[in-house]
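Colleague: Input: one structure, supplied below.
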Amino acid sequence: MDAQELLKDVGDVEKTIEKRTDKIINWIKKPHNLIFTLIIAFALIIRLYYFLMTQNQPLWWDGAEYMSMARAWALGLEYEFLVVRPAFFPFIMSLFLRLAYNEFLPRLFLLIISMASVFGIYYFTKELYNKKAALVATFLMSVFYLNIFYSFRLLVEVPSLAFYTFSAFFLYKYIKDGSVKSLYWAAVMVAIGTLFKLPTATILFSLLIYLLITERLRFIKKKELWIAALIFALILSPYLIWGYFEFGGFVITQAGGWNAPAEGEYFSNGYTNLKAYIHMFPTLLSWPLLIFFILGLFSLYKIFIGVDMLIKGKDFKLKKDLFLILLIIIPILVVSFSVAFNEDRYIINIFPVVFAMAGAFIISLYEIIRKKGKFIAVLFLIVLLGTVGYLQLQDADNLIKLKKDSYLQVKQAGLWIKENSQPEDVIVTKSWPHIQFYGEITALRLPNTKEEFEELVASNPNITLLMISIYEPHQDWAYTYPQENNLNPLKIYFVDAQNSQPSLIIYRFDRSDYSSIISSEPPLLSEEDQNQNLF
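Sequential numbering from 19 applies to the sequence shown in my numbering.
Below you can see the structure in the form of structure tokens.
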């Protein structure tokens, strides 16, 4: 290639870049697109701010388990997998750990997924209602404190939320337009979301009930639904096969039974959880947004007086309203009656619909006020969304800062063990996922009884460390055992500045006799302290 040809190619590239730049600028100049861009930029700035603040915060229990699973895959180590933990998230994390053994890339991944959830609700709400409602819903998702908070925890809630949102978008396009391609994309989105977190699949229950009501059993004859089901099954199949060989059964039902209510308590437990979730709404939404969501629900009253029209399928708006109600009710009911306890993160997937409905009602009110005066209407939007945004961001800021250092001493203990142990050392602890990840040594779970613990130590000659702390519930014997057997405290962490209240202690014992745990090393504490229970 001569110089003239090279200059020509460079010129063509410059023209292409210039054309694309002009196209982007012209797109942004449109008022709607400019507002959307500003909301996305705002959401990104918020998340980058908290990303920098929390990038070194300690892992919570679930996150520590996921990262320990990832570590086992990344480094080819042995690890006791639990059926309740989906494998897809730690598998992705293991790929990041192969590149760099730290939490930066995993946390960056969650930040990107969090932004995807903000994009997703825009397209979902625009398809449901209009562009203006979509902008409001996008803003609400951008400041939603539950989304922001869990965007900086290495957990599966935010990936589930993002894929649930896109699943709802594609399913609605199928319902609205009969787009088979959208149905297949929905199958892909639901399947991937289910790999992250099994309750993502509750959207399929919503779809099934919707089809039963609107089409009765006629939908069974639709070929595209069977193909979508096959796509869903194929994407899940690697996880199901792995689960069968790892746990010896159907991994999904085994995982579902892990936190299930006790036999005979399904109804009472479900009723208690359901009440708890309803009572959470004022806190989760903040009062202005709660009001508009309730008003949005009331606007769906026709669905209850037009049941005959709904069943006959003659009113699409009623069908749309039914689909939205099911996307809220079914996930809440499933998690209420299938899990023995309740947590706010378990219902996070209902909020794309909540924000879409609230956004639509807000815009309806805005249009009414706009007829009286555009200035007043715009002022109404600014004051309302500003208030909601302030309350949500205040809740997010308070919660993130309050929880930022939880499990800090467990993390510090793990890092200390990493620097002060031998590769062959094994530690017994209730915080085994944290220590396994941070300490980079084998960590075994502390048994429930003294006898089981001594059998474990006697059977494993590499067990040389024991960690007792206040961060996980211990049986009473565990707190007194070190003093009763003269174990040597190697490292002590305290909860107070005066160093009078221990919160975590790492002990070492001599392995000269594997059948007993008796220290031959001089104690690090005074004789007076050795004779009392440190906890």
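Backbone N, C-alpha and C define an ideal beta-carbon position, used for all residues, glycine too.
#1: For G211, does the count of other Cβ atoms within 10 angstroms reach 16, so buried, or fall short, so exposed?
#2: Specify, as a first and last residue, the run of the beta strand (DSSP E) that T460 falls within.
#3: By how many angstroms is the C-alpha of F167 removed from the C-alpha of Y532?
#4: Identify every run of the alpha helix (DSSP H) within the segment 494 to 522, keeping only runs that are complete inside it and at least 4 residues long; order them along the chain.
#5: Return the chain-ordered list of same chain residues with a C-beta closer than 7 angstroms to the C-beta of L399, the five sequence neighbours on each side being excluded.
#6: To test your reading of the DSSP string, which unbroken alpha helix (DSSP H) runs of 4 or more residues are found completely within the segment 420 to 494?
#7: Counting C-beta neighbours from all protein chains within 10 Å, is the total for E175 16 or more, i.e. buried, or is it exposed?
#8: Under 8 angstroms by Cβ, that's how I've got E242 and L201 pegged, so tell me the actual separation to the nearest angstrom.
#9: In terms of residue numbering, what span does the alpha helix (DSSP H) encompassing D80 cover?
#10: Is the segment 430 to 440 touching the segment 456 to 473 in the sense that three or more CB pairs, one from each, lie closer than 8 angstroms?
#11: Pick helix, strand or coil for Y319, following the three-state DSSP scheme.
#12: Look up Y168 in the DSSP assignment and give the residues it is bridged to.
#13: Can you say whether D195 is buried or exposed, counting buried as having 16 or more other CB atoms within 10 angstroms of its CB?
#14: Hey, how far is the Cα of K33 from the Cα of D40?
#15: R65 by DSSP, collapsed to three states: which one?
#16: Any chance the segment 105 to 124 sits against the segment 485 to 498, with 3 or more Cβ pairs inside 8 angstroms?
#17: Beta-carbon separation of Y141 and F187 under 7 angstroms?
#18: Grouping DSSP H, G and I as helix and E and B as strand, with all else coil, what is R234?
#19: Measuring only the C-alpha atoms, how far is N416 from L303?
#20: Could you have a look at Y228 and say whether DSSP puts it in helix, strand or coil?
#21: Do F223 and Y68 come within 7 angstroms of each other at the CB atom, strictly closer than that value?
#22: If you measure between the beta carbons of V101 and F265, is that distance less than 7 angstroms?
#23: When DSSP builds the beta bridges, which residues end up paired with R590?
#24: What are the boundary residues of the alpha helix (DSSP H) that includes R363?
#25: Below 7 angstroms between beta carbons: does that hold for P306 and V406?
#26: Round the Cβ separation of T183 and S135 to the nearest angstrom and send it over; I've been treating them as touching at under 8 angstroms.
#27: Please name the residue, chosen from D339, N503, A151, that lies closest to I53 on a Cα-to-Cα basis.
#28: Taking T482 as the reference, give the member of H492, L462, E469, K149 with the closest Cα.
#29: Taking L308 as the reference, give the member of I296, Y425, D362 with the closest Cα.
#30: Would you mind sorting Q75 into buried or exposed? The rule is 16 or more other CB atoms within 10 Å of its CB.
#31: To test your reading of the DSSP string, which unbroken alpha helix (DSSP H) runs of 4 or more residues are found completely within the segment 113 to 181?
#32: I57 and S197 - do their beta-carbons sit closer together than 7 angstroms?
#33: Quick check on the burial criterion: 16 or more other C-beta atoms within 10 angstroms. Buried or exposed for E281?
#34: Thinking just about the alpha-carbon of each residue, which of A278, I343, A105, L402 is nearest to the one in F316?
#35: Can you tell me where the alpha helix (DSSP H) with Y97 in it begins and where it stops?
#36: Should F379 be labelled buried (16 or more other beta-carbon atoms within 10 Å of its own) or exposed?
Modeller: Working from what's here:
#1: Numbered from 1 along the sequence shown, position 193 holds the residue referred to as residue 211. Buried, by the Cβ-count rule.
#2: Counted from its first residue, the sequence shown places residue 460 at position 442. Note, T460: beta strand (DSSP E), 460 to 463.
#3: Translated into the one-based positions of the sequence shown, residue 532 becomes position 514. Translated into the one-based positions of the sequence shown, residue 167 becomes position 149. Its pLDDT being 44, under 50, Y532 is placed unreliably by the model, and the measurement read from it follows with that caveat. Answer to the nearest angstrom: the Cα atoms are 46 angstroms apart.
#4: 494 to 502
#5: In the sequence shown, residue 399 corresponds to position 381, counting from 1. So the list reads Y384, once near-sequence residues are dropped.
#6: The DSSP assignment places 426 to 438, 450 to 457, 468 to 477 as complete runs of the alpha helix (DSSP H) inside the segment 420 to 494, in order along the chain (cut-off: 4 residues).
#7: Sequence index remark: in the sequence shown, residue 175 carries index 157 (1-based). Looking at its Cβ environment, which holds 16 or more other Cβ atoms inside 10 Å, E175 is buried.
#8: Within the sequence shown, residue 242 is the residue found at index 224, counting from 1. Within the sequence shown, residue 201 is the residue found at index 183, counting from 1. About 6 angstroms separates the two Cβ atoms, so the contact holds.
#9: Walking along the sequence shown from the start, residue 80 turns up at place 62. Unbroken alpha helix (DSSP H) run through D80: 79 to 93.
#10: yes
#11: Counted from its first residue, the sequence shown places residue 319 at position 301. Correct three-state label for Y319: coil.
#12: Indexing the sequence shown from 1 puts residue 168 at position 150. For Y168, which the question treats as bridged, DSSP gives no partner whatsoever.
#13: Stepping through the sequence shown from its first residue, residue 195 is reached at position 177. Flag for D195 reads exposed.
#14: As a first step, residue 33 must be located in the sequence shown, where it is residue number 15. As a first step, residue 40 must be located in the sequence shown, where it is residue number 22. Taking the straight line joining both Cα atoms gives about 10 angstroms.
#15: Along the sequence shown, one-based indexing puts residue 65 at 47. In this structure, R65 counts as helix in the three-state DSSP scheme.
#16: Three or more beta-carbon pairs separated by less than 8 angstroms are not found between the segment 105 to 124 and the segment 485 to 498, which leaves the two stretches without contact.
#17: Taking the first residue of the sequence shown as 1, we reach residue 141 at position 123. Taking the first residue of the sequence shown as 1, we reach residue 187 at position 169. The answer is yes: Cβ separation under 7 angstroms.
#18: The count along the sequence shown starts at 1 and reaches residue 234 at position 216. DSSP places R234 in coil when its eight states are reduced to three.
#19: Here the question's residue 416 lines up with position 398 in the sequence shown. Here the question's residue 303 lines up with position 285 in the sequence shown. Distance between the alpha carbons of N416 and L303: 15 angstroms.
#20: As a working mapping, residue 228 is identified with position 210 in the sequence shown. If DSSP states are grouped into helix, strand and coil, Y228 belongs with the helices.
#21: Residue mapping note: residue 68 aligns to position 50 of the sequence shown, counting from 1. Residue mapping note: residue 223 aligns to position 205 of the sequence shown, counting from 1. Contact flag unset, no.
#22: Start at 1 with the first residue of the sequence shown, and residue 101 comes out as number 83. Start at 1 with the first residue of the sequence shown, and residue 265 comes out as number 247. Against a cut-off of 7 angstroms, the Cβ pair of F265 and V101 comes out as a contact.
#23: Past the edges of the chain, shown from 19 to 553, lies residue 590, and the structure says nothing about it.
#24: As a working note, residue 363 is residue 345 in the sequence shown. Unbroken run through R363: none, as it is neither H nor E.
#25: Looking up residue 306 in the sequence shown gives position 288. Looking up residue 406 in the sequence shown gives position 388. Taking 7 angstroms as the Cβ cut-off, P306 and V406 qualify as a contacting pair.
#26: As a working note, residue 183 is residue 165 in the sequence shown. As a working note, residue 135 is residue 117 in the sequence shown. The Cβ separation is near 6 angstroms, so the contact holds.
#27: Working through the sequence shown from its first residue, we reach residue 53 at position 35. The residue with the shortest Cα to Cα distance from I53 is A151.
#28: If you number the sequence shown from 1, residue 482 lands on position 464. It is L462 whose Cα lies nearest to the Cα of T482.
#29: Here residue 308 is taken as the residue at index 290 of the sequence shown, counted from 1. Among I296, Y425, D362, the Cα nearest to that of L308 is on I296.
#30: Mapped onto the sequence shown, residue 75 falls at position 57. It is buried - the Cβ of Q75 has at least 16 other Cβ atoms within 10 Å.
#31: 122 to 146, 149 to 161, 163 to 168
#32: Locating residue 197 in the sequence shown gives position 179, counting from the first residue. Locating residue 57 in the sequence shown gives position 39, counting from the first residue. Not in contact: S197 and I57 (Cβ atoms no closer than 7 angstroms).
#33: Stepping through the sequence shown from its first residue, residue 281 is reached at position 263. E281 comes out exposed.
#34: Position 298 of the sequence shown holds residue 316. Nearest option by C-alpha distance: I343.
#35: By 1-based counting over the sequence shown, the position of residue 97 is 79. First-last for Y97: undefined, no H or E at that position.
#36: Counted from its first residue, the sequence shown places residue 379 at position 361. The residue in question, F379, is buried, as its Cβ has 16 or more Cβ neighbours within 10 Å.
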